[in-house]
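Here the structure is laid out as C-alpha coordinates; the discussion comes afterwards.
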Amino acid sequence: MQAHTDDLTTFFNLINSLSALIAELNVHQENARKKGLELYNLGSFRASEPYLTIAASAGDRPAQYALAEVLRRRQGSITEEAKKWYRLAAAQEDVYALLRLGDKESLDKARELLPPRIEQGDGEAMLQMYELTKEITWLKKSANTRFPEALYILALQYDRDRSLVPEGHNPTDVIDLLLERAAHVNFPLAMNWYTNRQKVTTFPSLRREWLEKTAALNDLYGVLKYGFALGHGESGGDPEYGYKKNYPLSYALVWLVVNSAPEYQLHNSAALFLDDLGKAMNPQEIALALKVAQTWKATHPPLSENRLTYHGV
(Lines of atoms letter the chains of each structure in order from A and count residues from 1; the text may use other names and numbers.)
(Lines give C-alpha, C1' and ligand atoms only; values in the text may rest on other atoms or scores of the structure.)
Protein backbone atom coordinates (compact mmCIF):
# COMPACT_ATOMS: atom_id res chain seq x y z
CA MET A 1 0.00 0.00 0.00
CA GLN A 2 2.83 2.37 0.89
CA ALA A 3 4.53 1.68 -2.46
CA HIS A 4 1.27 2.45 -4.27
CA THR A 5 0.93 5.75 -2.39
CA ASP A 6 4.52 6.67 -3.18
CA ASP A 7 3.92 5.96 -6.88
CA LEU A 8 0.85 8.23 -6.86
CA THR A 9 2.81 10.96 -5.11
CA THR A 10 5.59 10.69 -7.67
CA PHE A 11 3.03 10.77 -10.49
CA PHE A 12 1.26 13.86 -9.17
CA ASN A 13 4.57 15.60 -8.54
CA LEU A 14 5.49 14.87 -12.14
CA ILE A 15 2.16 16.28 -13.35
CA ASN A 16 2.68 19.43 -11.26
CA SER A 17 6.20 19.84 -12.60
CA LEU A 18 4.99 19.45 -16.19
CA SER A 19 2.17 21.93 -15.59
CA ALA A 20 4.63 24.42 -14.15
CA LEU A 21 6.96 23.89 -17.12
CA ILE A 22 4.10 24.39 -19.60
CA ALA A 23 3.03 27.55 -17.79
CA GLU A 24 6.61 28.80 -17.91
CA LEU A 25 6.78 28.06 -21.64
CA ASN A 26 3.49 29.87 -22.21
CA VAL A 27 4.78 32.94 -20.38
CA HIS A 28 7.98 32.77 -22.43
CA GLN A 29 5.97 32.56 -25.66
CA GLU A 30 3.70 35.44 -24.65
CA ASN A 31 6.69 37.61 -23.71
CA ALA A 32 8.30 36.77 -27.05
CA ARG A 33 5.06 37.61 -28.85
CA LYS A 34 4.77 40.97 -27.10
CA LYS A 35 8.41 41.89 -27.65
CA GLY A 36 8.43 40.67 -31.25
CA LEU A 37 5.33 42.62 -32.26
CA GLU A 38 6.56 45.76 -30.49
CA LEU A 39 9.85 45.59 -32.42
CA TYR A 40 8.01 44.79 -35.65
CA ASN A 41 5.67 47.76 -35.19
CA LEU A 42 8.72 49.90 -34.47
CA GLY A 43 10.26 48.89 -37.80
CA SER A 44 13.09 47.01 -36.08
CA PHE A 45 12.65 44.01 -38.33
CA ARG A 46 15.99 42.28 -37.77
CA ALA A 47 15.63 42.56 -34.02
CA SER A 48 12.03 41.32 -34.09
CA GLU A 49 12.71 38.12 -36.03
CA PRO A 50 13.91 35.78 -33.22
CA TYR A 51 11.04 36.83 -30.93
CA LEU A 52 8.44 36.49 -33.68
CA THR A 53 9.81 33.05 -34.56
CA ILE A 54 9.14 31.81 -31.02
CA ALA A 55 5.57 33.12 -30.99
CA ALA A 56 4.85 32.08 -34.59
CA SER A 57 6.13 28.56 -33.92
CA ALA A 58 3.70 28.38 -31.00
CA GLY A 59 0.84 29.11 -33.42
CA ASP A 60 0.24 32.82 -32.83
CA ARG A 61 -1.42 34.17 -36.00
CA PRO A 62 -0.36 37.86 -35.78
CA ALA A 63 3.22 36.74 -35.14
CA GLN A 64 3.08 34.39 -38.13
CA TYR A 65 1.93 37.19 -40.43
CA ALA A 66 4.46 39.65 -39.00
CA LEU A 67 7.32 37.15 -39.36
CA ALA A 68 6.36 36.50 -42.98
CA GLU A 69 6.34 40.27 -43.57
CA VAL A 70 9.82 40.57 -42.04
CA LEU A 71 11.14 37.84 -44.33
CA ARG A 72 9.44 39.40 -47.38
CA ARG A 73 10.94 42.80 -46.63
CA ARG A 74 14.39 41.34 -46.03
CA GLN A 75 14.49 39.50 -49.37
CA GLY A 76 12.46 42.00 -51.36
CA SER A 77 10.08 39.24 -52.47
CA ILE A 78 7.93 36.45 -51.08
CA THR A 79 10.32 33.56 -50.55
CA GLU A 80 9.38 29.98 -49.74
CA GLU A 81 10.31 30.63 -46.13
CA ALA A 82 7.94 33.60 -45.99
CA LYS A 83 5.23 31.57 -47.71
CA LYS A 84 5.45 28.99 -44.96
CA TRP A 85 4.44 31.53 -42.35
CA TYR A 86 1.84 33.20 -44.57
CA ARG A 87 0.27 29.77 -45.11
CA LEU A 88 0.14 29.09 -41.37
CA ALA A 89 -1.50 32.46 -40.76
CA ALA A 90 -3.84 31.90 -43.71
CA ALA A 91 -4.86 28.54 -42.23
CA GLN A 92 -6.17 30.61 -39.29
CA GLU A 93 -8.20 32.75 -41.72
CA ASP A 94 -5.83 35.72 -41.84
CA VAL A 95 -7.11 37.56 -44.91
CA TYR A 96 -3.98 39.66 -45.36
CA ALA A 97 -1.88 36.49 -45.43
CA LEU A 98 -4.22 35.06 -48.07
CA LEU A 99 -3.78 38.23 -50.12
CA ARG A 100 -0.01 38.04 -49.83
CA LEU A 101 -0.01 34.43 -51.03
CA GLY A 102 -2.03 35.56 -54.03
CA ASP A 103 -2.67 32.17 -55.63
CA LYS A 104 -6.17 31.27 -56.85
CA GLU A 105 -6.94 29.01 -53.90
CA SER A 106 -5.93 31.67 -51.39
CA LEU A 107 -7.85 34.48 -53.13
CA ASP A 108 -10.94 32.27 -53.43
CA LYS A 109 -10.69 31.60 -49.70
CA ALA A 110 -10.53 35.35 -49.03
CA ARG A 111 -13.62 35.91 -51.19
CA GLU A 112 -15.39 33.27 -49.12
CA LEU A 113 -14.38 34.79 -45.75
CA LEU A 114 -15.18 38.45 -46.42
CA PRO A 115 -18.93 38.61 -47.30
CA PRO A 116 -20.26 37.56 -43.86
CA ARG A 117 -18.11 40.21 -42.19
CA ILE A 118 -19.10 42.82 -44.77
CA GLU A 119 -22.79 42.09 -44.13
CA GLN A 120 -22.14 42.93 -40.47
CA GLY A 121 -20.71 46.35 -41.47
CA ASP A 122 -17.06 45.44 -40.84
CA GLY A 123 -15.04 48.31 -42.31
CA GLU A 124 -11.80 46.36 -42.30
CA ALA A 125 -13.42 43.57 -44.32
CA MET A 126 -14.51 46.17 -46.89
CA LEU A 127 -10.95 47.47 -47.06
CA GLN A 128 -9.69 43.92 -47.53
CA MET A 129 -12.21 43.45 -50.35
CA TYR A 130 -10.76 46.58 -51.94
CA GLU A 131 -7.25 45.12 -51.67
CA LEU A 132 -8.58 41.92 -53.21
CA THR A 133 -10.50 43.49 -56.11
CA LYS A 134 -8.89 46.95 -56.45
CA GLU A 135 -12.41 48.31 -56.94
CA ILE A 136 -12.42 51.77 -55.36
CA THR A 137 -16.10 51.40 -54.50
CA TRP A 138 -15.08 49.03 -51.70
CA LEU A 139 -12.51 51.53 -50.41
CA LYS A 140 -15.20 54.22 -50.31
CA LYS A 141 -17.58 51.88 -48.50
CA SER A 142 -14.90 51.14 -45.92
CA ALA A 143 -14.18 54.85 -45.50
CA ASN A 144 -17.91 55.47 -45.02
CA THR A 145 -17.74 53.24 -41.94
CA ARG A 146 -14.97 55.59 -40.72
CA PHE A 147 -12.46 52.74 -40.66
CA PRO A 148 -9.21 54.75 -40.12
CA GLU A 149 -6.93 52.93 -42.57
CA ALA A 150 -9.54 53.24 -45.31
CA LEU A 151 -9.96 56.97 -44.71
CA TYR A 152 -6.20 57.42 -44.99
CA ILE A 153 -5.77 55.19 -48.06
CA LEU A 154 -8.67 56.90 -49.85
CA ALA A 155 -7.00 60.25 -49.16
CA LEU A 156 -3.79 58.83 -50.63
CA GLN A 157 -5.60 57.64 -53.75
CA TYR A 158 -7.33 60.99 -54.24
CA ASP A 159 -4.02 62.80 -53.74
CA ARG A 160 -2.30 60.60 -56.34
CA ASP A 161 -5.12 60.79 -58.87
CA ARG A 162 -7.41 63.80 -58.56
CA SER A 163 -9.69 62.38 -61.29
CA LEU A 164 -10.95 59.85 -58.74
CA VAL A 165 -12.48 62.62 -56.61
CA PRO A 166 -16.28 62.72 -57.09
CA GLU A 167 -17.33 65.29 -59.65
CA GLY A 168 -18.27 68.64 -58.22
CA HIS A 169 -16.05 68.30 -55.15
CA ASN A 170 -12.83 70.18 -54.45
CA PRO A 171 -10.02 67.57 -54.11
CA THR A 172 -8.22 69.53 -51.39
CA ASP A 173 -11.37 69.80 -49.30
CA VAL A 174 -12.21 66.11 -49.74
CA ILE A 175 -8.68 65.01 -48.76
CA ASP A 176 -8.73 67.35 -45.76
CA LEU A 177 -12.04 65.89 -44.59
CA LEU A 178 -10.83 62.30 -44.89
CA LEU A 179 -7.64 63.06 -42.98
CA GLU A 180 -9.49 65.05 -40.35
CA ARG A 181 -11.86 62.15 -39.71
CA ALA A 182 -8.98 59.68 -39.41
CA ALA A 183 -7.02 62.09 -37.23
CA HIS A 184 -9.93 62.49 -34.83
CA VAL A 185 -9.90 58.75 -34.16
CA ASN A 186 -6.16 58.93 -33.40
CA PHE A 187 -4.78 57.38 -36.59
CA PRO A 188 -1.15 58.62 -36.50
CA LEU A 189 -0.43 58.48 -40.24
CA ALA A 190 -3.40 60.72 -40.88
CA MET A 191 -2.49 62.96 -37.94
CA ASN A 192 1.02 63.50 -39.28
CA TRP A 193 -0.29 64.34 -42.74
CA TYR A 194 -3.16 66.49 -41.46
CA THR A 195 -0.71 68.49 -39.33
CA ASN A 196 0.99 69.61 -42.55
CA ARG A 197 -2.17 70.52 -44.48
CA GLN A 198 -2.76 74.21 -45.18
CA LYS A 199 -6.02 74.01 -43.26
CA VAL A 200 -3.91 73.41 -40.13
CA THR A 201 -0.58 75.11 -40.89
CA THR A 202 -2.23 78.53 -41.13
CA PHE A 203 -3.06 78.20 -37.42
CA PRO A 204 0.22 77.58 -35.52
CA SER A 205 -1.46 76.77 -32.21
CA LEU A 206 -3.67 74.16 -33.93
CA ARG A 207 -0.65 72.68 -35.66
CA ARG A 208 1.19 72.37 -32.36
CA GLU A 209 -1.88 70.75 -30.80
CA TRP A 210 -1.99 68.05 -33.48
CA LEU A 211 1.76 67.41 -33.26
CA GLU A 212 1.52 66.97 -29.50
CA LYS A 213 -1.46 64.62 -29.86
CA THR A 214 0.50 62.49 -32.31
CA ALA A 215 3.56 62.43 -30.06
CA ALA A 216 1.38 61.49 -27.07
CA LEU A 217 0.40 58.32 -28.95
CA ASN A 218 4.15 57.57 -29.12
CA ASP A 219 4.11 57.58 -32.90
CA LEU A 220 7.77 57.36 -33.90
CA TYR A 221 7.69 60.16 -36.47
CA GLY A 222 5.50 62.36 -34.27
CA VAL A 223 7.84 61.96 -31.28
CA LEU A 224 10.87 62.79 -33.40
CA LYS A 225 9.20 65.83 -35.00
CA TYR A 226 8.18 67.10 -31.58
CA GLY A 227 11.69 66.55 -30.25
CA PHE A 228 13.24 68.35 -33.22
CA ALA A 229 10.85 71.28 -32.85
CA LEU A 230 11.60 71.72 -29.14
CA GLY A 231 15.35 71.63 -29.74
CA HIS A 232 15.53 74.22 -32.49
CA GLY A 233 15.83 77.96 -32.12
CA GLU A 234 18.69 79.11 -29.91
CA SER A 235 16.99 82.51 -29.61
CA GLY A 236 13.71 80.91 -28.64
CA GLY A 237 11.70 80.35 -31.81
CA ASP A 238 11.26 77.10 -33.71
CA PRO A 239 10.81 78.21 -37.35
CA GLU A 240 8.29 75.49 -38.24
CA TYR A 241 6.00 75.17 -35.22
CA GLY A 242 6.88 78.24 -33.18
CA TYR A 243 7.92 76.41 -30.02
CA LYS A 244 10.19 77.98 -27.47
CA LYS A 245 13.24 75.84 -26.88
CA ASN A 246 12.97 73.10 -24.29
CA TYR A 247 16.26 71.22 -24.45
CA PRO A 248 15.56 68.63 -21.70
CA LEU A 249 12.29 67.46 -23.31
CA SER A 250 13.80 67.68 -26.79
CA TYR A 251 16.79 65.57 -25.72
CA ALA A 252 14.51 63.07 -23.96
CA LEU A 253 12.29 62.50 -27.01
CA VAL A 254 15.08 62.27 -29.55
CA TRP A 255 17.07 60.03 -27.20
CA LEU A 256 14.10 57.63 -27.04
CA VAL A 257 13.99 57.41 -30.83
CA VAL A 258 17.75 56.94 -31.18
CA ASN A 259 17.91 54.26 -28.50
CA SER A 260 14.72 52.42 -29.40
CA ALA A 261 14.72 52.31 -33.21
CA PRO A 262 18.19 51.69 -34.68
CA GLU A 263 16.66 50.52 -37.99
CA TYR A 264 14.51 53.66 -38.39
CA GLN A 265 15.21 55.50 -41.65
CA LEU A 266 15.69 58.80 -39.77
CA HIS A 267 17.95 57.26 -37.13
CA ASN A 268 21.16 58.89 -38.40
CA SER A 269 19.54 62.33 -38.55
CA ALA A 270 18.18 61.85 -35.05
CA ALA A 271 21.57 60.70 -33.71
CA LEU A 272 23.35 63.72 -35.20
CA PHE A 273 20.73 66.06 -33.78
CA LEU A 274 21.04 64.44 -30.36
CA ASP A 275 24.81 64.80 -30.44
CA ASP A 276 24.59 68.50 -31.30
CA LEU A 277 21.94 69.04 -28.65
CA GLY A 278 24.09 67.34 -26.03
CA LYS A 279 26.93 69.76 -26.77
CA ALA A 280 24.63 72.66 -25.92
CA MET A 281 23.62 71.15 -22.56
CA ASN A 282 25.46 70.65 -19.28
CA PRO A 283 25.67 67.26 -17.52
CA GLN A 284 22.89 68.15 -15.08
CA GLU A 285 20.52 69.02 -17.92
CA ILE A 286 21.31 65.76 -19.71
CA ALA A 287 20.73 63.76 -16.52
CA LEU A 288 17.36 65.49 -16.14
CA ALA A 289 16.52 64.73 -19.77
CA LEU A 290 17.24 61.03 -19.30
CA LYS A 291 14.88 60.95 -16.30
CA VAL A 292 12.24 62.67 -18.44
CA ALA A 293 12.79 60.03 -21.13
CA GLN A 294 12.21 57.18 -18.69
CA THR A 295 9.07 58.84 -17.34
CA TRP A 296 7.76 59.34 -20.86
CA LYS A 297 8.45 55.70 -21.71
CA ALA A 298 6.66 54.49 -18.58
CA THR A 299 3.56 56.61 -19.18
CA HIS A 300 3.03 56.12 -22.93
CA PRO A 301 2.30 53.14 -25.18
CA PRO A 302 5.26 51.48 -26.95
CA LEU A 303 6.86 53.54 -29.71
CA SER A 304 5.52 52.54 -33.11
CA GLU A 305 5.84 53.49 -36.76
CA ASN A 306 2.11 52.80 -37.08
CA ARG A 307 2.50 51.49 -40.62
CA LEU A 308 -0.46 50.39 -42.72
CA THR A 309 -1.23 46.71 -42.19
CA TYR A 310 -1.03 45.74 -45.84
CA HIS A 311 -1.44 48.56 -48.36
CA GLY A 312 1.74 49.65 -50.11
CA VAL A 313 4.15 47.95 -47.70
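Residue numbers (this note's numbering): 130 to 442.
All C-beta atoms, glycine included, are put in the ideal place defined by N, C-alpha and C.
In this text the structure is predicted, and so the values were computed from the model without any measurement.
Bounds of the alpha helix (DSSP H) holding G252 are 252-262.
DSSP, read as helix, strand or coil, puts D232 in coil.
Within its own chain, the residues whose Cβ lies closer than 6 Å to the Cβ of L227, once the five positions on either side in sequence are excluded, are A219, S235, K238, A239, listed in chain order.
In this structure, DSSP gives S173 a state outside helix and strand, which the three-state scheme calls coil. If the five residues before and after Y287 are omitted, its C-beta is found closer than 8 Å to the C-beta atoms of L293, V294, P300, V303, I304, L307, all from its own chain and listed in chain order. Boundaries of the alpha helix (DSSP H) harbouring Y323: 317-324, taken from the DSSP string. Assigned with DSSP and collapsed to three states, D404 falls in helix.
According to DSSP, D348 shares a beta bridge with S433. No Cβ-Cβ contact shorter than 8 Å links V383 with L346. Residue state for P245 is assigned as helix, using DSSP reduced to three classes. In this structure, the beta-carbon distance from Y370 to R336 falls below 8 Å. For A219, the enclosing alpha helix (DSSP H) begins and ends at 209-219. The C-beta of S379 has 16 or more other C-beta atoms within 10 Å across all chains shown, which makes the residue buried. In the three-state reduction of the DSSP assignment, P368 falls in the coil class.
Within its own chain, the residues whose Cβ lies closer than 7 Å to the Cβ of I415, once the five positions on either side in sequence are excluded, are Y380, G407, listed in chain order. Residue range 376-389 is occupied by the alpha helix (DSSP H) that includes S379. For A422, the enclosing alpha helix (DSSP H) covers residues 412-428. Going by DSSP, E198 is part of the alpha helix (DSSP H) stretching over 190-204.
By a beta-carbon distance limit of 8 Å, L230 does not contact A195. Their separation comes to about 16 Å. For A311, the enclosing alpha helix (DSSP H) has its first and last residue at 300-313. Taken through DSSP and simplified to helix, strand or coil, F332 comes out as coil.
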